[in-house]
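A quick write-up on the structure given underneath.
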Amino acid sequence: MPEYDFDLFVIGAGSGGVRASRMAAGFGARVAVAEELYLGGTCVNVGCVPKKLFAYAAHFAEDFSDAQGYGWNLAGAGFDWKRLVENKNTEINRLNGIYHNLLTSAGVTLVQGRAQLLDSHTVAVGEQRFSAERILIATGGWPFIPDFPGREHVISSNEVFFLDELPRRCLVVGGGYIAIEFASIFHGLGCDTALLYRGEQFLRGFDQGLRDHMVVTLQNKGLDLRFNADVAKVDKQADGSLRVVLKDGETLETDLVLYATGRRPKLDGLGLENTEVTLDDKGFVKVDADYQTSDPAIFAVGDVTNTIQLTPVALAEGMALARRLYRPEEYLPVDYADIATAVFCIPNIATLGLTEEQARAKGHRLDIYESRFRPMRNTLAGNQEQSFMKLLVDQRTDRVLGVHMVGPDAGEIIQGLAVALKAGATKAVFDATLGIHPTAAEEFVTMRTPTRKD
Ligand SMILES: Cc1cc2nc3c(=O)[nH]c(=O)nc-3n(C[C@H](O)[C@H](O)[C@H](O)COP(=O)(O)OP(=O)(O)OC[C@H]3O[C@@H](n4cnc5c(N)ncnc54)[C@H](O)[C@@H]3O)c2cc1C
């Protein structure tokens, strides 16, 4: 008789947990996964997927407007929020089913409910008890909203996907990618939208040139951007609208306040105190380079650790851990360098490698290639919006260190260039690459003269 019920018990069926469970079961381990809310986790249910669907919906407004310059008459186009939410829910249910099948067909035992660690080898889910040789914590993150009077009147990204009605006016608080994306979504869907951030400028950590370009672009679209501003309190008024008082005394009237002010690891009630697991100074589960916590039987991957909070990263970590534990001969550590990432605001942002500021801090001397241009599609549309592209090249090695873009389909374009950077592409390789004409992306291989040189 085996000593434990399972070889691996995974807590959380999100990106990291599902990937680790499926892979480990595929390698012959006896695996169970507990999930308290929804299969597929944040990404599928209240993250990447529904967010991208909403971003598509928002984009149509601009497409309809641009279409007129191309000869289309679209008078009478209307938008139905309820239909969008219903169709989104149907699609997410379909994906939940796919995740269910993926797990069960791999032989993973699904346990529905909130898991709690009783000791380093025992998990409780409701009345049930499970023992496991190893346990994986893949419980992800949860939105963080600071305390202030009227906090109960604001929502987070968890609720925004299920609103009964589209608000007429909306205030988004935050300066990270989720805040910018939702400001774009609400604006695109026709809400009078303000974005409020307490710092000097949003998108901290992104390339400065890109951040500056985004400020101008979003302001030109009509978004009300407020930096160095913070909420003091929110009052609900008799008609259901919200009165937001800022710390400088100014007031704003709105119908919805969305807080996108960061996420914290989801650890409440998990029972870490019954194990040797420790947290780092930011409250994340502390792991070594092999996802081992301070408890020899317990591992952790994804957003619950201090990693890059993206689905492909959680997936890669889940896969790496399964290999390390059950197929060590195939183990490859995750390579965290040059991870491309996109912000699905309108227009898209995509970024890869070092920012100009990071490259300088690392001591690189740079040739910088920048281009601002009106994409061809905008010409007949009469749309003055400009795209922005930037390449950072190391003068000594000619290696391309960073690629940044604001413009339509930036995410799609930069994904391809991520392969080139992984392969160590130099500017000479970019120059030797012929463009696809006419595209916006060809600009990346036709920029010949640095706009700035160190
Ligand atoms: C609005 C939003 C948009 C995003 N957009 C993108 C994007 O465009 N691209 C991208 O790459 N990333 C995006 N992300 C980030 C991405 O969703 C996360 O990085 C990813 O989901 C992390 O995976 P994970 O497995 O660590 O955790 P999660 O996917 O959060 O999964 C954790 C799971 O554990 C479950 N759980 C927690 N505690 C327990 C418990 N005690 N017992 C049982 N189950 C438990 C939770 O219910 C959840 O299902 C977005 C996130 C948000 C919030």
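Here the working numbering is used: the first residue of the sequence shown is 661, the next is one more, and so on. Glycine residues also receive a C-beta, built at the ideal position from the N, C-alpha and C atoms.
Throw me the rounded Cβ distance for the Thr799 and Leu939 pair, which I believe falls under 8 Å.
Reading the sequence shown from its first residue, position 139 is the one you call residue 799. Reading the sequence shown from its first residue, position 279 is the one you call residue 939. So it is not a contact: roughly 13 Å between Cβ atoms.
Rounded to the nearest angstrom, how far is the Cβ of Cys851 from that of Arg829, given a contact under 8 Å?
Numbered from its first residue, the sequence shown carries residue 851 at position 191. Numbered from its first residue, the sequence shown carries residue 829 at position 169. Yes, Cys851 and Arg829 are in contact; Cβ-Cβ is about 6 Å, under 8 Å.
Please state the DSSP three-state secondary structure of His719.
Counted from its first residue, the sequence shown places residue 719 at position 59. Of the three classes helix, strand and coil, the one that applies to His719 here is helix, per DSSP.
Any non-hydrogen atom of ligand 1 within 7 Å of Leu697 CB:
By one-based count along the sequence shown, residue 697 stands at place 37. Yes - ligand 1 has a heavy atom lying nearer than 7 Å to the Cβ of Leu697.
Please classify Arg864: does DSSP put it in a helix, a strand, or coil?
Residue 864 sits at position 204 when you count from the first residue of the sequence shown. Three-state DSSP puts Arg864 in coil, outside helix and strand.
Endpoints, alpha helix (DSSP H) assigned at Tyr1165:
In this structure the chain extends from 661 to 1114, so residue 1165 is not present and cannot be described.
Contacts around Leu744, its chain only, beta-carbon distance under 6 Å, and the 5 residues preceding and following it disregarded
Mapped onto the sequence shown, residue 744 falls at position 84. Same-chain partners within the cutoff: Ala717.
Between Lys893 and Ile838, what straight-line distance do the alpha-carbon atoms span, to the nearest angstrom?
In the sequence shown, the residue the question calls residue 893 occupies position 233. In the sequence shown, the residue the question calls residue 838 occupies position 178. Spanning the two alpha carbons is a distance of roughly 22 Å.
Quick check: is any heavy atom of ligand 1 less than 7 Å from the C-beta of Ile958?
For this step, residue 958 is matched to residue 298 along the sequence shown. For ligand 1, not one heavy atom lies less than 7 Å from the Cβ of Ile958.
So, for Ala960: in the same chain, excluding its five sequence neighbours on each side, which residues have a beta-carbon less than 8 Å away from its beta-carbon?
Within the sequence shown, the letter at position 300 stands for residue 960. Only Leu796, Ile797, Ala798, Val937, Val945, Val947, Tyr951 and Thr953 meet the Cβ criterion.
Just checking my contact of Tyr986 with Gly767 at CB under 8 Å: how many whole Å lie between their CB atoms?
Stepping through the sequence shown from its first residue, residue 986 is reached at position 326. Stepping through the sequence shown from its first residue, residue 767 is reached at position 107. Incorrect: roughly 13 Å between the Cβ atoms, too far for contact.
Using a Cβ-Cβ cut-off of 6 Å (strictly less than) and excluding sequence neighbours within five positions of Met683, which residues of its own chain qualify?
Translated into positions along the sequence shown, residue 683 becomes position 23. The answer, listed in chain order, is Met979 and Ala982.
Test item: CB-CB of Ala1070 and Ala974 under 8 Å:
Looking up residue 1070 in the sequence shown gives position 410. Looking up residue 974 in the sequence shown gives position 314. No; because the gap between Cβ atoms is not below 8 Å, this pair is not in contact.
Taking 8 Å as the threshold (C-beta atoms), are Glu1103 and Met1049 in contact?
Locating residue 1049 in the sequence shown gives position 389, where the first residue counts as 1. Locating residue 1103 in the sequence shown gives position 443, where the first residue counts as 1. It is a contact, given that the beta carbons lie within the stated cut-off.
For ligand 1, I want to know if Asp963 counts as a neighbour, meaning its beta carbon is within less than 7 Å of at least one of the ligand's heavy atoms.
The count along the sequence shown starts at 1 and reaches residue 963 at position 303. Yes, the beta carbon of Asp963 sits closer than 7 Å to at least one heavy atom of ligand 1.
Just to confirm, does Cys708 get its C-beta within under 7 Å of one of the non-hydrogen atoms of ligand 1?
Against the sequence shown, residue 708 aligns to sequence position 48. The answer is yes for Cys708.
Would you call Pro993 buried or exposed, if buried means 16 or more other Cβ atoms sit within 10 Å of its Cβ?
Locating residue 993 in the sequence shown gives position 333, where the first residue counts as 1. So Pro993 ends up on the exposed side.
Simplified DSSP assignment, three categories, for Phe804
The residue you call residue 804 lines up with position 144 of the sequence shown. Phe804 falls in the coil class under three-state DSSP.
C-alpha gap between Ile840 and Gly686, whole angstroms
The residue you call residue 840 lines up with position 180 of the sequence shown. The residue you call residue 686 lines up with position 26 of the sequence shown. Rounded to whole angstroms, Ile840 to Gly686 spans 39 Å at the Cα level.
Helix, strand or coil: how does DSSP classify Met640 here?
The displayed coordinates of the chain run from 661 to 1114. Any statement about residue 640 would go beyond what the structure contains.
Hey, how far is the Cα of Trp741 from the Cα of Gln772?
Taking the first residue of the sequence shown as 1, we reach residue 741 at position 81. Taking the first residue of the sequence shown as 1, we reach residue 772 at position 112. Using only the alpha carbons, I get a separation of about 31 Å.
Look at Cys708 and Gly674 and say whether their C-beta atoms are less than 8 Å apart.
For the purposes of this step, residue 708 is taken as the residue at position 48 of the sequence shown. For the purposes of this step, residue 674 is taken as the residue at position 14 of the sequence shown. Going by C-beta atoms, Cys708 is not nearer than 8 Å to Gly674.
Segments assigned alpha helix (DSSP H), at least 4 residues, entirely inside the segment 947-1026
971-986 and 1016-1021
Could you give the distance in angstroms between the alpha-carbon of Met874 and the alpha-carbon of Ser765?
Walking along the sequence shown from the start, residue 874 turns up at place 214. Walking along the sequence shown from the start, residue 765 turns up at place 105. One C-alpha to the other measures close to 45 Å.
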